[in-house]
Structures are given as structure tokens and as C-alpha cells.
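Protein chains in written order, with the numbering used here: chain A, 34 to 350; chain B, 575 to 1168; chain C, 7 to 238; chain D, 1483 to 1804; chain E, 59 to 373. One structure is given here, and the rest of the page talks about it.
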């Protein structure tokens, strides 16, 4: 399906991540997806399904003992094969990332202005004064009134929501083509989430930034994403346009996930996610699946394409 | 602007202000003390030698020297101008510096207050008397002296041709001034004030006569320790003990004390150009202080210094072998008149019992102690306590090591181990556990002692005590046994032959004052009442016999004082009291090609 | 009527003024009532002092003014044995399940400690624990695990069932699901509902999520600027 | 896998929300003197091919020292007070030569371990216990008690230690039974500070709050919920206290204020200096006690770290356990 | 902020307590100070001793001694040292300059070296060099300071002959001072560096796990600039506290180094005062050290506030 999209910005093919230890942990077992220019793709799933690992793997931010396999093509370059020096050029400039915990992602001992200006100094070799001025400008664009004051603030003086916006400003100040948002709304209350949503929408529509949105908050995803990939236990179980997933989920897990949404009346999926070091041999979802058959227990389904969407389930031939 | 915003917004501003005020206050306080500290007592001699004046001073000096500002010490200036006529002309020989390492550190630059400095100043301000290498008291600044019949009048005839380093002649007035000055100003010399009636000066005879209010027989010895001061300089100084100055000090010896530099850790003595006696060859004598003996040894080995001096102490025996190996050093060996001894608490059981003391004297393996402690630079002592190098030494029986004998004596005296626990019981029926006070320097000896006592069935309780605690404890007689030492001066003080340590009528830091036997006290009084050499000899034998018989203390070993010196020098002299630190030595030492 | 209620009466909380700082008012004159078998929802944005209010109701903190009434007795005037009863009967459950168990104790140990506190004889511990596990729907092997070896959803269930061992009349639920995934959130909310119908427990549910509050509560209030606006 | 990497990993996988965590953590780290146990662990861990396991090297070393202290006669070829020719160089008869009075240095070293380890551990135990108790009380009860205790701690912190130890050492009879409480009583304050800030953090932890709510007594909470979790903080502090007690003991010996009837490594070291070991270049005399002190402390560090990794192990397993 | 007020009160109480301790402690020491004023082997009559005793004020009641002590303190009169024959304030100032120079320079070098090496070792702890420096500093921190000092003196001064073995200088000029102080400063800085190293290393290991470090990497910062731009500033916070705490320690730890290198500083002064029971000097020295430590702690608090914005969060 990704063939049909013309301007592929990022293409991830068979990305696998292992953590070597006493037990080998398979965090990602071969996921593939692509993002076109100014498209928003969302990875959704439960805690521990590997969505954040995917984001970190794309940016090559994983710790050294993580083994990463596969291809991550960004504008034709395989990021996984670049040297660290070349990668430094891409990080922050071409691909930005925002983390789930803005107050921790900002360095507590530097002022907001300093941190906003830093990418400019590093990548564009701007003078500090000018960079600060530009940082203030960026804040103004985000709708902050008293920018001169805010750039002198420190992260610890501001609320989480404000820090989240500062973080977005810092990550997008160089206008990256792709912004990875790693659980941006987690821990924020409704009001802040809607603020965040406005912010991301502005990026999406005004700056034409492509977004890789990683979230467990389905309603948030619904409002923002063009396409959605549902992940479960280190693999993508379903990928489709946002509207079709939310209207007609195919995979039992996607269905369950949607059913547990408040709007649907909090209907839970029974059971728990499997351990990543001890994955079930067949379909990874079978222990919790109400529609499971013997077949599901023994065989691992592939991601199959049906009507322009993909699903990993034996229910769909 | 950024700063202002943050601070006005937060309460930090107030805090900062408080701190600022505090800091400023502290700085003010510091700076107000500082000038006071730097000023100190003023004197005509004290000028631009900034050595001890803190880091800032030395930086200023350095800057001054960079700017080319001339610095002259007043002392040397005076010499260069005034001295052309009176100055002795020295033959053109190679000028050299004699460097002496010492662990006896000077703590303050108080000429009269610091006891170590007092010893070192013998070179610049020699006392009236001195001890020759055989231990006889002879004149130094004094040519000769006489004593009146009743021992109350002492007349000292000064040498002619003595000059201070500023060109002034040394007069009997200086002697009179110095001695009465000590009596008035120095606490440790108060006896002079208490006993001295008059001092008469005779310029004609160039003599000075001291009249005491009671017979005083030890003046010749006492006056071998008091440095003579120039009256014309010191009479203006108000509080001499508290007077500190880095020099130069006017002196009348072959050298004068040019500089006390505590920060560099040295004393510098420079030749007294008006010295008319035998001319010393070395241009300057430097005393270098080392806080650690180990480091002093290294400095010696390395050749940084030429010899080693410690009052009443030897170069560490353990290091001699190493120095010998370098091939650069020779050694002077001289039996010390001081010694290491076992002081016994004679005031309480069990050591109040002479039998017990006798037994103890057989329990100690003297041979081994001598071997381990002195590495062969010592010998097994006699029962008579007094070392052989002392005047009027009498040969008494050698101490003997025989645990069997010790046990037998104990048994005979009724000290038996009746409960078979290996420890002998005392008269009260309890196990005898001897409380042994150990000063850190005799730790090893203490260990050995504990073992020897164990062999004859005596338990012991070792208690290490630093010097002050030791003094407190021994003054309260809270011990049974202690290992201590006598210094040369200690052997000579009071009625001499070590009696000063035991006479119970005395007090003092190192003094045991534990013997109140009337016989002994009478003996001391007899000695103190005479100046007649023959009579003294008789009493000396008597007191040594007394020691040998009663064993009020048990000497552990007689040792030698070893002084290493660089082979490039020769002509060394030592005396029993101050070792190599005597004038004979300094005027005779020559540099040679080794 | 004669339902035993937990009532907050004009509670105010002010942080004390320091030597140089002025005090800060967290909430003022807040009153509400929790009835057994019912849920009172407390909604508000973060930083509004919901959690502080929850801790005051649970008796973990003291209110500056006002009082919490339990069975008609104000907390401040309770006698010692009444207080102990209150301690047992009013429990609190926290937001972060990973924090709910001592990381140095195995789950089984933590649970039998509670049983010991209740005075259950040692012999009956295992049967009691098993009973408890059935309500949580967790396998027995969790007992031999450390809290860090168990997922958040499971821990939250365990935390709830541990509280249930004390047989409380009221539970203060302090953001019980906001740290959890949607699917787990649903599980926990259902479990809470089940417990309520089974045991007739009264809940004070604190959450910033309006949907959760609506889903769970019989009545709720919004805490805003220190004032509570009650919506039936 | 290195432990710190493991930590990143686990946080990466569990994607745990760590709101406010660093805030508190910083408070701790401000005083936490971190002993690089993991480093040593890694060095020897790699050599032994052990990863993440309780470190055997440390245990072995420690057990060796312990054995030395408990049964010196097994290891020492001679009695400590047996005398031979003094100042002998190392030979087959005398592994490390003999000292100034002819004692076998190796035997002396073996017998010295008992005293040194007793002083080190006992003083460290005293200081860690006092620090932990005061810190827990201040942190748990807060309020006036906290102010009082921490104010007191601040004062103790400012008192110059070594001169005070010298004064006390000179005043009291120099004996290890005096030295232990003196060293212990003078070095608890930083432990108390760290313990307090950690306790303040733990006090807000859910399990402590639930325990309070469930009606557990303060004593029970402090001893079973708070104290065991202070382990990460107390262990390095304990090791440091041991190290500094041993060093202080050695330093006091150097100043001649030690108990000479109790021969520790420190006393040996000072004897080596004062009795000509240094002058005579007898490195086989003056280096072994120093090395022993260092090794002993390192062994504690290794064990401490081994235990710590064990603690971390189940955090890691957590992600994949179920 | 109430925090500042509280700190202020605490410091004030500390000060008062220090003064009280300072007053009582030397009086608890054994031995008769009057006897110590007199040299060894000297006979002195009782009335001379009494005279001295009266002069020292030791026969007056304790509270009177205390009030006079306080008033003297306010007049910056720390008493008179009968042992060293000089006013205590003068003596201390004289030595303080040198010791501050020597300790201060060492502390600065030690802090810099220790933090830098510690940061590098903590940043890449798996590297061989990191492990080596780590091990080296652990060993150094476990070594008694006098042992270290003697060994280095033996090696550099005796064996290699690079440096003189004693004193602050030969002649009071900068070159000589530098030459003489080089070795003691080295030993002292290595000593203080070993402590800072360990703290910095631990701190960096802790800090580099923080999210902001990862974010800095995501921003496109190079490895080394992450360490030096982002982590160091955070990781140095504990160092500031440690430096202040260590100040008193270094001051007295200098004692051994001063003894070995025969330096005429505070350490030897204090040691001499303790051994000689020089009450006034001891009191003065304790006061000065405690005050210095107090000031160092206050400065650390101040510095902490300047570096760490969390401390000065605006209302």
C-alpha cells in the first residue's frame, strides 16, 4: 500500500529490536511502515508493546546494548547505516522528537530560551544573541504573549503543559520534516491535552510537518492521525486509515482496545499483555482473544493486506 | 536585567543581601585583624626581612624586588659601613654553608620564649660557661670564675676581645643585664630572681660577681645554659618573652642569628665579623627544620644537609646503615649522659618493696633491649644508673637478666602464684597487674617489657599516653611502671647524677619526684652544699652506690649519640651536654676534599 | 437516614506562611458526603488540590479548618480506638500502582503482613490470600514475585484487593487509572464497580477525567480555584 | 549488560511515567557520595566472565579477610610476638621479612586484620546506625523534630573532625574500644542527611502512605517499609565510613595516639615509619598494611555492589516476567 | 523565602553552638596548662605557678571566663598563646594565609581534576581508561594521606630530586614558593580529587540516564557536548555541596601533609596546640576552621541557588 504514496519521507522496513541480557527481550519483532510528507501516522498500543522503542530506534537513541535490525529509510538514506556524525546532522534538524515527560526532557538548569536556541546554535551555527531572538520569535508564533519573560524562565518554574509547548517549540524550531511525538499527552489533563492537540494540528497543517504520533490515548489519536498502526507485543497487528480503524476495526485486539474507550463504556479486554522475553508461539494475542481457534495457537499470522489496509489475523484470509 | 527580574521576583533577593552583608562584614573583620597581625612589636632591628609575614607580604616583597627596589637589612648595613677597622680579615678561602638538619622544630620566633631556639642561639649568644668534651664545666664567655667559701658569691672573669656583631664590645654590664633579665622576665628562670641578691660589675677586672642569698653551688652549670644578650638592644624591649622577631639579632659568638624563617623552616647564622676568637670557616650556618625524622633522613641522604642535630637525641639508629652505604658520611659516636630508664612508682605497692624492685631488675633482658632498641649502639647499664660518660662515674655491678633469679626473689619475698593462674599475687592477695605508662616513642620497649614481666608471672596493662597525659598521670602517681628517659641536662640538674628525677621535693615536667627516702634526700642536700671537687666525687660515688643498692629506677640501656656528618667536613667536636652544638665545633669544622 | 456516612464539613487547607512567605490556600470551605454503596466523584484540573483533599478525607493529612465526620464523629475528636476503626474503615488507593507495594517485599509478604495486622492467625493466611487472588483474577505465582516484576494493571488490582482485605467501608480512589492504559483502565473500573455492588463500599473517586467520573459516580463535584461545585 | 544501561533499557521498555522523580532524586544525589562499586565489579566481573551476578571476587576477598581475622593462626606462620632477627628481607622463612624487633611481618599482618576490621566495621556500624536512625526519624516525623535534628546535624557537620578526634584520642585512653565510638559518633552526619532526604522521598511513596492508612504503626513502617529501601543509600555510606574509620585509625597511629597493645594495620604502618622501615627502604614492611586496608575496603565495595545488582535484577526481570 | 530564613537561623545556631563548644572543649582537656607553660626539666616554685594561673584566668568561675571570652571575641581578641608568645589572632592569620593558599589551590585543582576525570569516567564507564582512573582513584581514596605524602616525597623529592623536601620556600619569592608548594599541592589535590572523582562519576552516571540527556541527543548534539553542555552542570550540583563539606576536612587533612613536608601551616599549628594543650590557640583555631567551614557552606548554598534554578523558583 505504501507504494501508492508518492513522497515517502520515512520508510521503516522490518525493524527489529532486541535487548540482550540474561534473557533476550524482543522489543520489536519486525515492523514496517512508512510516512509520507506531512502525513500523520500514529502508533497505538498498550504499555510495553514497543511503540516507544520504535521511535527511539528510528532516531538511534537506544542504549548501546540494543540490537537493531532492519531498514529505516529517511529521504532515501538508511539511518541505521549512517555514521554517528551524519546522524547528528539529522537529529533535531531533519527529525525532531518530543518526549512524554516534558518537565524531565528539558534540562532543569538552563533557561527555556537557552534550550530553544540550542538547536539553532548547534545546527545553524547562529550567534547566541540572534538564536535567543529567534527562540523568542518561535514562542511568539506559538501564541505566547510575554516571550521576553518566558525565555528567561526555567523548566521547573513552569507547569507541565507549558513545558510541553516549550518542548515542541524546541523540537520544531529548525522546521524538521518529521516530528516524532512519543506519548505527548500522557499525564496531562484534558485541558492540556487539547492545548497540545491544537499545537500539533498547527504543526501539521501550517508547517506541513509529518508526524509520527505515539500514543495510547485513542481519542487523541483519532483527532490527529491520518493513518493508524495498532501494535501489540512488538508487532503491528493492524494498520489502516484513521477513519476506518475507528469505525470498523478488524483485528480483535483493535476492537477490544476501542471497546475499552470511555465512549464505548469501558469494556475491558480480559487478561494481560505477554512478556516480551517469552512470547506465545502462535498469534501473540490468542490468550486474550475471544475468537481464537486452535489454528491461532499454533501459527503466527502474517500482516495481510485487505482493501488498502493491513491486518494480522487469521480471521481475514 | 535578567538578574534583576529574577531576584526582585523571588525572596532570594533578601537572602542574597543578608549574605552579602555577612560576607562584607567578615572581610572587614579579617582585614581589620590583618594589619594588627602584621604590625607586631616594632624594633629597630626589625625591618624588611618579611619571611614570616604571611603570603601577602612575600608577594609584595617579590613585586618590590621585581621593581628593583633596594632592600637592605639594617644589620648588614651597619656592618658594611662601620666595620672597616674592627673587622677581622679572613683569609681567602672558599666560602661555604654548613647545613644542619633537625627535627627540633622552632614554633615561634621568640628569642627568649622558644626553648629550641634557645639551644640553637648558643651559637650567636654563647652562655658564660660550657661543658668540654670530657664533661667538665669550663668558661666560654668567661675566662675563669671563682666561688666564695660559703658558696654564695660567684665571680666570672670575662674574656677580652669580645664584640657584638654591631661592633659594640661585650661588657660585664651585658652579663649582669642578661642574667637579671632572665630572672625577671623568663618564668623558667625565676629562681635567679628569688635567690640572687646583687650583681656587681667590675669594668677594671672585666668581671661580674653574683651574690646569692643562700649557698648556691650549681651556678657554673646553670650559667652554661643562659644565652648572653646585648644590653644596649634588649633593655628597650618591654616584654621580651613575648617579643617575636625574625632577626637579625645582635650576637657575640662567632656567628650572629641573621634570620628566623619559619615558613622556609630554617635558621640562618652569619659570621660575626667582630669575632676575635678562632675564625670559623663556614660563611653561614643554616639550621633546617624537618617535622618528620623520616624526611630529615631523606634530606641527609640526598645531601641537602650536612649533618643532623637533636638536643639529647641521636640520629635514628635504624638509618645509620643506609647512610653508611651512601659512602658520604662519617659518624661521631659519643655515649649519652642521658639514658632510658624504667621509673617505678615507689609510693605504692608493689614497687615500694625493694625486694620486688630487685626481682624486676632480673626480669629484663637487657641484652635484647640493647640489641633491638639501639641496634648495637648502646650497652647494658650498671645498677648505678649513671652512664659512664658522666663526671665521677663509679663502676657498679652490671644489671643481669635472669628470670629464675627474679622468680626466686619474688618467691622468697612472699609473692607467689597461689591460685595457679600464672599470675603472681600481691600482698593483698590479688593478682598483680602492673599499670605501665608508655609514651609513644617507647611503644616497642613497652611491648618487650610486657613480655619480660609475663615471664616472671606478672601481668601488665599497657597504657599509651601522649606527653601531657603522661605528665598528668605521673604527677598523680597513677602508674606502677613507666618507661621514660633523662636528658643530659636532666642528669645534671638539681644535685646532679640524675637525682633531680627522683627527689620528691621537686616538681617539673619530666621529673618523677617519687623518692622520699631521708638518706637520699640528705645526700642530695650534701651535694648541693658543696663546690669542692673532691667532696663532690665522694658524694657522687655515694649516690651511685645508693642507686645500685636501692634501685629507685632501673636503667634499661645506655646508648650512644650518633651524629652523622658529611665527609666533606672535618674537625668535629662534641660535648656531653649539647652534642655537636658547641662553639668549638663550629669554629673548627672545615671543608675538605673527600 | 441511618446510612453511616463519611462527611467532609467545610474543609479548608492552607499551607502555612513561613517567616518570609505568605501562605497558600489550597481549598476553602469544601463540604460533601460519601454514602456507602455510592460514589462521589471529585473532578478538577491538576494542581487544584484534589489529591490533598483526598488525603484529608482519608485522615492522612489534617485540614486547616473544618472537619471530617465519620459516623457522625469528627476526626479530630475521635478517641484512640475509634481512630483505629476509622483507619481500617477508610482506605485510600493511589494513582501510581508501581508505587503501591514496597519494592523490597514480595507480594505475598506484603499481603500476609496486612493479614497479620488484622489479627488473622498465620495458619489461615494462605487460604485468605487465595481467596483474595480469586477476586483479582491473578495466578498464585504473583505472590512469590517482587512488585517490579508485575505489570501496572496487575499491581493496581493487587493494591485494590489488599485494601479490600481490611474490609473498608469507604475507599478514596486517588486517580486510580490515570497512569494506566485504556484497556487496563477499563479492567480496573469494572473491578471497582463489582466491588462496590458486592460490598456496598462508598467511593470518593478523584480524577481529572470527566468521562471516568461520569462513568463511575452517582454524584460529583468540580474543584476549581479552591471551591467545590457539586453537580448531582 | 551494564547496570546503568539496564536501567535505561528497563525505563525504555516499561515506559514508566517518572513525573517528579528526578526532582526528588536530585535531592538525594546532592549528598550521595557514590562509591563506584559497579566499576570494580565490572573489572573483575569481566575477568571472571560473570555478568550481573553477585560478585564472587568481592566475596572471596572479604571471606579471605574475615577468615584472616577469625582464624589468624591458620594463615600466619608464626605467632605475632615471636621474635627473629630484626630487619630481615623477605625470604622463604619470612614471607614479608621481619620488622624492627624481629616479628614476622606477614604474621603481624594477618593478626592485625582482626583489629583493623573490628575498628573499621564497628565504627562504620555505629555511624551508619546513628545516621540512619536520626535520618529516618527526622524524615519520617518531619516538623520540629526534623528541624532540631537537622540543625544539630549541620552543627556537627561544621565541627572540624580530625582535630577533635586527636583531642579526644589524647584525652581518653587510646584504645580501640574508645576509638570505635569516637569515630562512629563523629561521622554520622552525612549519613543522616542523606537518609533524611531519601526518607522524605519514601514517605511520599504510595506504599508508605497506604501502610499508614492501613493502620500500621510508625515503627513498623519505618523498619519494614523505609529502612530496607534505604539500602542503596546506606550501603555506600557504610563502605565509606569503614574506609574513613580505617584511615582515621591509621592516621591516629601515625600521630602516636593508638593503642599499641592492639596491633592494627594502621599501627603497623606507623611503626614501619617510626622504626626505620621507611628509612631503610623496607617497602615490604610499609606497603602491605596499606594494601590490606585498600583491598579490604574494595572487597566491601564489591560485595555491596553485588547485592545492589541483585536488587536491580528483579527490576529488569519485571518487564518480561509475565 | 522561608527557606533562606531557616537556613539563616540554622547558621546562626551553628555559630552560637560553635562558640560554646569552642569555649568548653579545650577546658575539658587533661593536664594543667600552667605546668605546660614551663619548659621541661625546669624547677618552678608554687607561687610562680599561681601567678601564671591568675594571669591565665583559670581560677575564675566558669561563667566569668565565658563572659570575658565572649567580650574578647567581639573585640577580635582570640587570646594570647603562651606557647608561641604571640596573640592567637596574629598567629592564625599568619598561618591562615599560607594554608588557605595551599589548601585552596589544592581544593580548586582537586575539584577541577576530579570533576573532569570523574565526568569522563562516568560518561563512558565501560571504557578502559575510565576503569583505570576509577580504580586508581578508589585506591587513592583508601590510602591514608600521610602514606601518600611520604611516598610521593620519597619518589619525587628524594629519588628523582625534582622538588625540595620542606618548607614553603627557600627565599620568599614566587618562583621558590611555587617550587616548594608543587609537591604538597599535588598530593593534596590528588587527595581531594579522589573524593570529587567518585562523586562526580556517580553523579554523571545518574544524570546521563535522565531524559534531558536523551533529548539533547535527539536535538542533534554531539556526544561530548551532551556531557559538557548538559550533564556537567547538573552533575556538579552535588560537587558543590561536597566541596563545602570537604573544606573543613581538607583543612585538617592538611595536617599530615604539613607534617610530612615540614610546612608551617594551620595543620601543624593545631597539632602543636593540641599536643601542647595551648588552650587559647586551640580555641582560636577551632573557631577559625569552623567559621571557614560555615562560610564555605553558606557560599555553597548561595552557589547552589545560582546554578540550580529550582531553588529560586519565583512565586
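Heads up, the beta-carbon is just placed ideally off N, CA and C, and yes, glycines get one too. Being a predicted model, the structure only gives us computed values, none of them experimental.
Contact set for residue i: own chain, Cβ-Cβ below 8 angstroms, skip 5 residues either direction
i              : result
residue 938/B  : 916, 973, 975, 1023, 1026, 1128 and 1130
residue 1061/B : 885, 886, 912 and 1084
residue 1647/D : 1664, 1665, 1668, 1730 and 1734
Run of the alpha helix (DSSP H) containing residue i, from where it starts to where it stops
i              : result
residue 4/C    : A query on residue 4/C cannot be resolved here, the shown segment of chain C reaching from 7 to 238 and no further.
residue 198/E  : 186 to 199
residue 1250/B : Lying outside 575 to 1168, the shown extent of chain B, residue 1250/B is not represented and no answer is given.
residue 333/A  : Neither: residue 333/A is in no alpha helix (DSSP H) and is coded neither H nor E.
Cutoff 6 angstroms; reference residue i; Cβ partners in own chain excluding five residues on either side
i              : result
residue 1778/D : 1547
residue 1098/B : 1069, 1073 and 1077
residue 282/A  : 288 and 291
Min CB distance residue i to chain E below 8 angstroms
i              : result
residue 815/B  : yes
residue 1642/D : yes
residue 878/B  : yes
residue 1/A    : Coverage of chain A is limited to positions 34 through 350, which leaves residue 1/A absent and any answer about it impossible.
Beta-carbon contacts of residue i that lie in its chain and below 7 angstroms, excluding the five residues immediately before and after
i              : result
residue 1656/D : 1739, 1740 and 1741
residue 224/E  : 319 and 320
residue 1782/D : 1544, 1721 and 1724
Residue i, buried or exposed, once every other Cβ within 10 Å from all chains shown has been counted against 16
i              : result
residue 884/B  : buried
residue 264/E  : buried
residue 76/E   : buried
residue 284/A  : buried
residue 205/E  : buried
residue 1747/D : buried
residue 1137/B : buried
residue 1671/D : buried
CB contact check: residue i to chain B, cutoff 8 angstroms
i              : result
residue 1588/D : no
residue 68/E   : no
Min CB distance residue i to chain C below 8 angstroms
i              : result
residue 1785/D : no
residue 1569/D : no
residue 1624/D : no
Test: residue i CB closer than 8 angstroms to a CB of chain A
i             : result
residue 365/E : yes
Using Cβ-Cβ distances below 9 angstroms, what residues of the stretch 285 to 312 of chain E are close to chain H?
Given the protein chain composition of this structure (A, B, C, D and E), no chain H is represented.
Quiz item: Is there contact here, the stretch 778 to 793 of chain B with the stretch 737 to 750 of chain B, by at least three beta-carbon pairs under 8 angstroms?
Solution: yes
Evaluate contact between the stretch 126 to 138 of chain E and the stretch 802 to 811 of chain B, counting only Cβ atoms and requiring at least three cross-stretch pairs below 8 angstroms.
Three or more Cβ pairs closer than 8 angstroms define a contact, and the stretch 126 to 138 of chain E falls short of that threshold against the stretch 802 to 811 of chain B.
| task | Taking 8 angstroms as the threshold, find out whether the stretch 234 to 245 of chain E comes into contact with the stretch 894 to 904 of chain B through three or more Cβ pairs. | result | As far as the Cβ criterion goes, the stretch 234 to 245 of chain E does not touch the stretch 894 to 904 of chain B, which means the pair count is below three.
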